[in-house]
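In this note's numbering, the protein residues as written are 8 to 117.
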Amino acid sequence: MSNLPGHYLLDMMNQRGGNDSEYTDEVFGRVQSTNPFVIWISQDLQIQGNFIELTTEAKGLKIQVSLPISGEEGKYAKGEIEVFKPLSVGDRVRMLRVQQGQRFIVLGRA
């Protein structure tokens, strides 16, 4: 086995066997509901609950900021910035299908 980056993982995958699609696939869907979270992948397949893992981009992210005001010693403008808007009903999403379809990682909007 080589010590080059990635070779260890490649060797593990080769030992396991199977084809590439058994590891990870890119899948698209549409958000049907956000509470509980339900995503339609096709006309007859929806996923929900423990099958779905949301990334920070999919969940949404707001941060508090405090910026110094120019020319005013010791004064700050404070507020909240929405970095990522959470997914909404109707949003088209891009996901990774992993563990042979036992888990879907929602990356964000498609």
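Ideal Cβ placement from N, Cα and C applies to all residues, glycine included.
- Item | Opening and closing residue of the beta strand (DSSP E) in which residue 63 lies | Within the sequence shown, residue 63 is the residue found at index 56, counting from 1. Premise fails: residue 63 lies in the alpha helix (DSSP H), 63-66, not in any beta strand (DSSP E).
- Task: Out of 37, 84 and 21, point me to the one whose CA is closest to residue 113's CA.
- Result: What you label residue 113 is simply residue 106 of the sequence shown in a count that begins at 1. Nearest option by C-alpha distance: 37.
- Task: Consult DSSP for residue 32 and reduce its assignment to one of helix, strand or coil.
- Result: Taking the first residue of the sequence shown as position 1, residue 32 is located at position 25. Looking at residue 32 - three-state DSSP - the assignment turns out to be strand.
- Pull up the CB-CB distance for residue 91 and residue 67, whole angstroms please, since I reckon it's below 8 Å. For this step, residue 91 is matched to residue 84 along the sequence shown. For this step, residue 67 is matched to residue 60 along the sequence shown. Indeed they touch by this definition, with Cβ atoms about 5 Å apart.
- Message: Nearest by alpha-carbon distance to residue 104: which of 39, 21 and 46 is it?
- Response: Counted from its first residue, the sequence shown places residue 104 at position 97. Cα-wise, what sits closest to residue 104 is 46.
- Query: So does residue 61 have its beta carbon nearer than 8 Å to some heavy atom of the ligand MG?
  - Reply: This structure lacks the ligand MG, and indeed carries no ligand of any kind.
- Item | Spatial distance of residue 98 from residue 116 (CA atoms) | What you label residue 98 is simply residue 91 of the sequence shown in a count that begins at 1. What you label residue 116 is simply residue 109 of the sequence shown in a count that begins at 1. Near 7 Å, if we compare the C-alpha coordinates of residue 116 and residue 98.
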